[in-house]
Structure formats: C-alpha cells, structure tokens
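Peer 1: Input: one structure, supplied below.
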Amino acid sequence: MTASIQFRLINSLVEIFRPIINIGRLLRDCWRTSRRLRELGILGMNHRNAACILDYNPRCNFPIVDDKLRMHQLCRSIGVPTPELFAVFRAHAQLRHLTDALADHAEFVVKPARGSAGRGILVITGRTATGYQRQNGQVLSSEQLSQHLSDIISGMYSLGGRPDTALVQQRLRLHPAFAPYAEQGIPDVRVIVYRGQPAMAMLRLPTRLSGGRANLHQGGIGVGVEIASGQAIHVVQHNRVLRYHPDSGIDLHSLRVPSWSAIVAMSCRVAEAVGLGYVGVDVVLDALRGPILLEVNARPGLAIQIANGQGLLTRLRAIDAALARQDCSSRTATDEQAQAATHDAQAQSATQARAA
Amino acid sequence: MSRSWLCLATAAMLAAASIVVLSLRFACMGWQALMPTGPDTWQITLVAHGRTVSADAQLSTVAPLELPTQHLLREDCSSEMLDCRAVDADGRHRRRHIWTLRPGQETGPFHLRCEFVVSLYPSRSQANRQTSLAYAPPQPGEYVDSELHIESDHPEIGELARAVVAERSQVNDQLEALYRMVSTEILNEPTVAGESRSALGCMRRGAGDCTAKSRLLVALARNRGIAARLVVGLTQSGDNTHSPHVWVEAYDGQRWKPMCPFYRHYGKLPRAYTIFTFDDPRLVRGRGIRHLDYGYLIEKITNDADSVGQSWLARQFLATSPHMLAPAERQLVEFLLLLPLAALIVCVFRNVIGLHTFGTFAPALVGLAFREQRYLPGLMILLAILLVGWLLRHLLDRLHLLQVPRTACMLSLVVMMLLGVVLLAQQLGYSATHYISLFPLVILTGMIERFWTQEAEDSTAASLCTLLATMAVAGTIGLAMSLTAVTRYLLSFPETLGLILAGQLLLGRYTGYRLSELLRFRDLLDSTGPPAPAVACALPNGALASSNGAGTLPSGEVALPDRIVQMQTVRLINTTTNARLGANL
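Protein sequence lines, in the order shown, are assigned to chains R and Z.
So that you can map any letter, position 334 of the first sequence is 1361 in the numbering used here, and since no number is skipped, the others follow by simple counting.
So that you can map any letter, position 332 of the second sequence is 1194 in the numbering used here, and since no number is skipped, the others follow by simple counting.
Written as structure tokens, this is what we have:
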C-alpha cells in the first residue's frame, strides 16, 4: 500500500519536473551538437560574417563584384575569359540601335549589370520570322525586347531601384563533358577563395526540379568537388545525400570536372584582382571557350559545406597556418639579409679604419 | 590585440562602469532609487463604483497635476470592466482619465481603482524645476468675471466686499481682510448632498462647507478686481477617507497666494494639500452611469527620516533621476530606454537563434507599439492588413511600377485600409485609435514589400515562415516590454544602458553557431567525412595542407590518408601566389 503511494508520488514528481528535464536535455543536445560541429570544422554564419567577410572583404571593393560591367572590364584587363559582350545599353535613347547592334547575333543573353538572384535575365536562343525566340519557346517581338531592356535601364531589376545598365552577352553552351549530367540549363562551378588560396569547391547541376537553374535552393544538385583534382566526392540535393542523378540515373561520383586546374587558377587570379579575401567565384565551362568567369560573390553561402560533406573552417585554418608559416619564413629570410647587410657594413668600416 | 579581445575589453569596461554607477546609486539612495520619494510623499487612492446603463457610458476622473510644488511620481489605473485612457489636452489645468466600456463587455456594475504617488515640496524647490503655465500671471480679464455659483457682480456681494475692504489700498491688505472675514465670520459646515453651495447662498446663510466658503472668498476678491480661482484637491484631515477639498488662490501682483478659509490657512498651506484641478470641484463625473459613488484615500508613505537628500551625491542622483520628469516626458523616456533593450533582443533572435525576420528592427518597433495589452486586437488587425496588402501588392505587380512610386502606392493603399478599419470601428461603436497604434504604418508598408520579394524569390511557404518569425519576435519583445517591472527598473537605473550596450558589443563578435544552423548542418553530423581521398589544399612553396593535417581534428576522429597530390594546379597556383607574395614583400 505505502509502496504504491510512494511510487505514485515519485511518478507525479517526475511528471512535474518533466518539462524542466526536457529543456535541460534539449540544451545539452544543442551544446553537444555545436561542439560536434566545431570538431568537424563547420563554418557558421556568424563566424563567416565576423571573421571572414568583415575582416578580409573591404566594403569599398563590393561595387566591383556587384557590377557585371566592371567585372567584365576587370577580367579583360587581367586576361581572364568572361562571356563576350555584344552590346551595352546605358540610356533609353541607345535602344533605337537595338536591331542593328544585335544583327550579327542569333542567340544571346540580356542581363542587368547590377541584378540580383537572376532577376531580369533573358535568354534568346534564336530568331524566327516574327522576332526573338526565348529559351522556353516564347517568341518576343523587337518591341518587347526593347521594352525589357528599357525596364532594366530604368532600374526595375537592380538593387534599390537605381538606374542600371543593360548588357547583351554571349550565350554560353553546355560543355559536352556535362551533357549526361544536365538535361537543361548549364552547370557552374563555385570555388571559395580565401586569402588568395582555393579553399573549397562545388559543382552545381541544374535539374528538372530547379527549372534549369543551377540553384541549390530551388532543387539543383550540389556536388562537392575535390579541390586538387576536380573529382566529385559528395553529392546532395535539398540537403540529402545522393549517389545517382534524379533525372538521368547516372552515377554522379564518376564525374570529374574538365580543365580543373585552369578553373582553380582563374578563380584565384580573379579573387586577387578584386581585392577581396573571402569570395565565391562562379565559373562556367563553355563548349567552345572552356572555363569562363561568370561572377564573383562577396558573401558566398555556406551550403558548399553540405555539398562537400565537410567543414570549411578546417580548411580556412589550414590556409591561415600555412600563410603564417610562409610569412614567418620570408621574414626570417629578410632578417638574414639585413644581418648580412649590417655585417658587410661593419666589415667595410673596419677596412676603412684599418686603411686610415 | 585581436578585434575580439578589444571588443571584449570595451564591453567589460562599459559593464564595469555601469555596475559602478548602479551600485553607487543604490548605496546612496537604497530602495529609494526605485521610486525616489521626497521628504513628503503621499499615496492617493481613488475607488469608484456604479452601474453602466448604456454602451457609450463614460466616466472621467481627474488626476493630480504636475506643478512646481508637486510631482506626480507614479500613476496606476485599473478596472476589469473599463478601459482607461489618459487625456492631457488641457494639461495646464486638468489631467483626466477617461474610462469607457471594454469592447464586448456588457453593461452592468463596474469597479475602478486609481493609485497616484505624489511628492510635495514646500516651495519651488530645487528638486522640481518644472515651470508650470498654471502659475503664470493671469491674462487681463482672466479669473475676474462672475460665473455660475460665483456671483461676484451681485450687489449684495459687492456691498459686503466694499465694506470689508474699506480704506485699504494694497492688494495684499485687501486680500487678507477678505480672507479674515470669510474664515472667521462664516461658519464651517459639513458637505451635505443637495445643499446649494453658491457664494451668494453662503453669504446669506452665514455658513457653508469648504466649496461654498471658497466660492464666497473668490467672489469677493473678484468683485474688488483681484484675480482669484478655486483650487480643487485633497488634503489630509483626521479620518482616512476624504472627499475633495476646495480652497482658493488669488493673484496679489507677484504670485498666486494660496488660502484656505475652511481650515484657516493664509499665504502658506501646510503639507498634504494636493492639487488636482482648478475651478471645477467635481473630480469624478459620469455619463450613462447610475449609482456612481467614489471615495479618496490619502496616506503619507514616507516619514522625514528615510527621505533622500542627505548627501550631496544622493541629491545629484535624485535631481538627475528620470523619475523626476513630468509624466509626458517620463513616458517618452520610458519608450526611449526600452528601444536598446528591444534591439538587444532582436540581436539574440537573429544571431544566436538564427530567425529571419522582415527588416532588422521592424519587429522591435512593432513589438514596442503593441506592448500595451489593449493593443492585442490591434495586432490581429495589423496581420489582416498585412495579408490584404500583400494581395494588393500582387495586383500592383502587373503594372510593373518603379520601386519608389510602387512603395508610395502601397503606403496609400495601407492608409486606405486603415481608414476603412477606423471608420468601420466607429460604426460598430469602438474607438479604433484606442486599439491601433498608428505609428507602425510605414513599417507595415516595408514589410509587405519584403513579404512579396521573398515570395517571388523563394516561395510562399518561406515567406509565411519569415512572417511567423517576425511576429514571434515582435510578440516576445512586446511581452517583455509590457512588464512594468522592466520599465520601472530601467527608469530607476538608466545606467543599465551601459550593460545593454556591452551585451550588444559581445553579440557583435559572437562567432558561435546559430541554433538554426544546428538543424541546417545536422546531416553533416552523421557523416564522419566522405569516403573520398584527402582533400588537399594547395599552398605556396610546395606546402600542402590537407584538411586533416592542420591538427584541428582530435586523433582517431577522421583518419583520412595523408596523401599528397602533386598536380599541375599546385604549380600553377604556386606561380601566381609567389608572384603576389613577392610583389608584397
């Protein structure tokens, strides 16, 4: 009798304290998870902002990467290939010459220079008798195309609605090496460059689900790529690990990005030229021209870690350590030179004194 | 010193400084810091009850005035049936509280209670530097005319006044003579309901209560061309419950001279004369209310021993305390003090928890706007307007408008909707401004725009999620800010702002994970790294650091083969970076 009362009492006490126990467990789990993430070297948003972007990306250099026209000019000057620029429209009046300017080009891409998230981009795949054919089959008349360019110039697609410049660029073609992996759209390679060194890379494959856009958010596939070889090592879609392509069923681990060394070298060169210490460089492989720089992102996202199944922080620390080592060794080298110089000077003064 | 350490040191210094000030204040003032009661502080309690008989029943009560001689430290008004709203329209002569039925509340018996804490000062003391319009010299023609119950131009009054004043030419002498006559020759009587209390009646009967005697004195003074007025308030007499007391102030050319013909004080009143209003002796009045009854209680809550103001430092703390501000300024300061705290809460939500909201401080402002509980139905209206606005935004999108004119259009549409809500509420018999604080209007426009942008770029679900997070943050802030203890604490110890700033600085260099990231990266927890060869990272001088070579992983965690991959890449990168490093050196 008493035993059962005691049992009930203990039970009710446990019931009373259960929420507190649960909260305690939750906090403990959170703590363990964050410790484990730290062990795995996962870079968090706060750490990225405070230690990478704020420390290595001076704000004054952001306008270069945000403006596609300035990026194009910069790449030309350092010899990095970018999509060929067919025409630039800065003012509404220039649109009168639209048909003349585009007379030689059957296919092209129209972009706002300061657009974001792919807004305002128009892909023209060919010409029909009535006008320009879009990627999705829709046919635009010359007036409609002119209207779109006019919208871009008015700033409808730019950040903050500021007047913008409309660019007409070469349309990039799918590289044959990627043909089995992408039914529609063009895959791109994202390389994170930290203090001039490549830190991590991934390949983004568009799928049917993502509607031909290489955007992980919208269902694109993220393929973690070995930084030294361009070999696929880890594949995710919507944060879930994959092995086979959901559209074609092809084994994604067999993928190896062609011209990999050129892509990495190009990324480093561009990162150095824009003067930012932590950037995501987006490169596209063109069927004819090979690797072509698409754009540079001054605030690259963290999803690349999920695509690689690895933490970025470990790599950044390794780069920091290696640069510090190198800095150290070069400093000792200069110290030695300085010592040698003083030694020479002393010897000289000694011989002078002796001569006197 | 690294940035984080510098930040930590700054935060520590700030925190230390504010803790020092805080403890110093506490050491000097003790618990007085929470409510600095002067040497002479009184608590006044008003209780009223009755029956509302119509839906538009309205009750108005008068609160103590903020004057050079008295400072209102605190006021709390509460009732279960009625909503209270302070009306300061005529703050010079009267501060009123208007009580109306809560929406959805049936007519019936009600009960209300107000508490005021008032500090009184013997004269224009250093503690209260408020200049008050009520004590400015009277305008020509002000306070000299005859009015209802003060028949100053009646021949009998004139006769008496002339007889009393006689040959005296000085205003002061005239006033003193009139006061002496009323205070000594007119008998004191208790207040009896239904009795006429006019000046003339009092004179004819030769007796009257405080109201009647004061009216007579005012009428006599005005008859002689001296500006005089009734003062209505409370004073302490023997027992504990009090009806309003009435006395007189007359302008003698330099100042308003107080005189109480009932308790016989001239020129200088004893303590505990709390001024509520001028001219109108009725402190509580109702419309659509039956069986109204009310009573006042006035109690002293300090004795002279425990008053502040002993040391110089304590006096300085007292003089600079936000508690000493006039009620309107104090409310503003309360709001200002809450803003940094709300911003800190936003920082926690965004950088520690990792919630995305529309706008950075928009949820804080919305939360602050709705910190009063009676605004909660307004929050529902706000949400409804947000959703309707979002639908309208979809319609506007077809027109392809430029951003700024589009936002302007949205603002106009939001104003139209709000106008509709206000007019509809009027039709239903509610006062909408009572439930909607109109100031988060512009924030609302911005929120609709952001809602639409996110929907277009991501999905409706993501947009709704963000909206939910925004409302959660706003709700938390609103709840935290609605605690009167928080407000009172901040008002008593404004140096806490230093601690809040220190907290913000620390969060500014917080590089740990956000709670949401624990979820986001949860799949990485299971994998101990991909079954791929070590990923080598190319570095200058042929140095290759592999991801597990840096020693950050504990031994046995991820044992990847320490393979060095020699490649063309390495050479390529080496040449570029070496060239750069060489240039730098």
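We treat Cβ as the ideally placed atom computed from N, Cα and C, and that holds for glycine.
Just to make sure I have the definition right: I need the residues of chain R whose C-beta is within less than 8 Å of the C-beta of R1371 of chain Z. Which are they?
Peer 2: A1077
Peer 1: Which residue's Cα is closest to the Cα of Q1397 of chain R: R:D1131, R:R1240 and R:R1052?
Peer 2: Residue 1397 of chain R is absent from the structure shown; chain R starts at 1028 and stops at 1383.
Peer 1: For the segment 1035–1122 of chain Z, list the alpha helix (DSSP H) runs that are entirely contained and at least 4 residues long, ordered along the chain.
Peer 2: 1061–1067 and 1072–1085
Peer 1: Pairing CB atoms from the segment 1303–1313 of chain Z with CB atoms from the segment 1186–1200 of chain Z, are three or more of them under 8 Å?
Peer 2: no
Peer 1: Within 10 angstroms of its Cβ, does H1107 of chain Z collect 16 or more other Cβ (buried), or is it exposed?
Peer 2: buried
Peer 1: Which residue comes first and which comes last in the beta strand (DSSP E) that contains S1275 of chain R?
Peer 2: Neither: S1275 of chain R is in no beta strand (DSSP E) and is coded neither H nor E.
Peer 1: When you compare each of R:A1348, R:C1295 and R:N1266 to L1386 of chain Z by their alpha carbons, which one comes out closest?
Peer 2: Out of R:A1348, R:C1295 and R:N1266, R:N1266 has the C-alpha closest to the C-alpha of L1386 of chain Z.
Peer 1: Rank Z:L1096, Z:A1069 and Z:T1338 by C-alpha distance to the C-alpha of T907 of chain Z and give the top, closest one.
Peer 2: Z:L1096
Peer 1: For the beta strand (DSSP E) containing C976 of chain Z, name the first residue and the last one.
Peer 2: P971 to L982 is the span of the beta strand (DSSP E), which, as asked, contains C976 of chain Z.
Peer 1: Return helix, strand or coil for N1084 of chain R, following the three-state DSSP convention.
Peer 2: Look at N1084 of chain R here: in three-state DSSP terms it is coil, with no helix or strand label.
Peer 1: What are the boundary residues of the beta strand (DSSP E) that H955 of chain Z is part of?
Peer 2: No beta strand (DSSP E) holds H955 of chain Z; DSSP gives it neither H nor E.
Peer 1: State the DSSP-derived secondary structure class of T1016 of chain Z, mapped to helix, strand or coil.
Peer 2: Correcting the residue identity first, residue 1016 of chain Z is His in this sequence and not Thr. Here H1016 of chain Z sits in coil by DSSP.
Peer 1: Under 8 Å by Cβ, that's how I've got R1141 of chain R and D1093 of chain R pegged, so tell me the actual separation to the nearest angstrom.
Peer 2: 6 Å
Peer 1: Just the C-alpha distance for I1153 of chain R and M1227 of chain R, rounded to the nearest angstrom, thanks.
Peer 2: Just to set this straight, residue 1153 of chain R is Gly in the shown sequence, not Ile. Spanning the two alpha carbons is a distance of roughly 37 Å.
Peer 1: Can the beta-carbon of G1307 of chain R be found less than 8 Å from the beta-carbon of R1161 of chain R?
Peer 2: It is not a contact, given that the beta carbons lie outside the stated cut-off.
Peer 1: Please identify, using Cβ separations under 8 Å, the residues of the segment 1244–1263 of chain Z that lie next to chain R, in order along the chain.
Peer 2: Only those residues of the segment 1244–1263 of chain Z whose C-beta falls short of 8 Å from the nearest C-beta of chain R are listed: H1262.
Peer 1: Using a Cβ-Cβ cut-off of 8 Å (strictly less than) and excluding sequence neighbours within five positions of D1178 of chain R, which residues of its own chain qualify?
Peer 2: G1147 and Y1184
Peer 1: Mind pulling the chain Z residues with CB within less than 7 Å of V1060 of chain R?
Peer 2: Note that residue 1060 of chain R is Thr in the sequence shown here, rather than Val. Residues of chain Z passing the Cβ test: L1380 and L1387.
Peer 1: Mind checking N1073 of chain R: buried by the 16 CB within 10 Å criterion, or exposed?
Peer 2: buried
Peer 1: Strictly under 8 Å for the Cβ-Cβ distance: is N1088 of chain R near chain Z by that measure?
Peer 2: no
Peer 1: Does the segment 911–920 of chain Z come within contact of the segment 1148–1155 of chain Z, defined as at least 3 CB pairs closer than 8 Å?
Peer 2: yes
Peer 1: Apply the 10 Å Cβ neighbour rule to S1169 of chain R and answer buried if 16 or more other Cβ atoms are within range, or exposed otherwise.
Peer 2: exposed
Peer 1: Got a sec? Which residues, its chain only, sit under 7 Å from R1075 of chain R by beta carbon, not counting five neighbours each side?
Peer 2: L1329
Peer 1: The beta strand (DSSP E) with T903 of chain Z in it runs from where to where?
Peer 2: T903 to T914
Peer 1: Would you mind telling me which residues of chain Z sit closer than 7 Å to R1063 of chain R, beta carbon to beta carbon, in chain order?
Peer 2: Those within 7 Å of R1063 of chain R in chain Z are L1387.
Peer 1: Tell me, please, which residues DSSP counts as bridged to K1095 of chain R.
Peer 2: Answer is none; K1095 of chain R lacks a bridge partner.
Peer 1: Can you confirm whether M1072 of chain R, when its beta carbon is compared against all beta carbons of chain A, has any partner nearer than 8 Å?
Peer 2: Judged by its chain identifiers, the structure shown contains no chain A, and its protein chains are R and Z.
Peer 1: Just curious, the beta strand (DSSP E) that F1113 of chain R is in, first and last residue?
Peer 2: Note, F1113 of chain R: beta strand (DSSP E), L1112 to F1116.
Peer 1: Applying the 10 Å Cβ sphere with the 16-neighbour rule, what's the burial state of W893 of chain Z?
Peer 2: W893 of chain Z should be labelled exposed.
Peer 1: Skipping 5 residues on each side, what residues in its chain have a beta carbon closer than 8 Å to that of E1018 of chain Z?
Peer 2: Once the five neighbours on either side are set aside, the close Cβ partners of E1018 of chain Z are L1062, M1065 and R1066.
Peer 1: What separation, rounded to the nearest whole angstrom, lies between the Cα atoms of A1256 of chain Z and R1189 of chain R?
Peer 2: Before going further, note that residue 1256 of chain Z is His rather than Ala in the sequence given. Looking at the two C-alpha atoms, the distance is approximately 22 Å.
Peer 1: With three or more beta-carbon pairs closer than 8 Å as the criterion, would you say the segment 1345–1361 of chain R touches the segment 1077–1092 of chain R?
Peer 2: no
Peer 1: Could you tell me the alpha carbon to alpha carbon distance between V1335 of chain Z and R1376 of chain Z, rounded to whole angstroms?
Peer 2: 16 Å
Peer 1: With a threshold of 7 Å (Cβ to nearest heavy atom), would S1378 of chain Z be considered close to the ligand SAM?
Peer 2: Of ligands this structure carries none, so the ligand SAM is not represented either.
Peer 1: What three-state label does DSSP hand V1283 of chain Z in the structure shown?
Peer 2: helix
Peer 1: Please name the residue in Z:V882, Z:L896, Z:L870 and Z:F888 whose C-alpha comes closest to that of V1348 of chain Z.
Peer 2: The shortest C-alpha separation from V1348 of chain Z is found at Z:L896.
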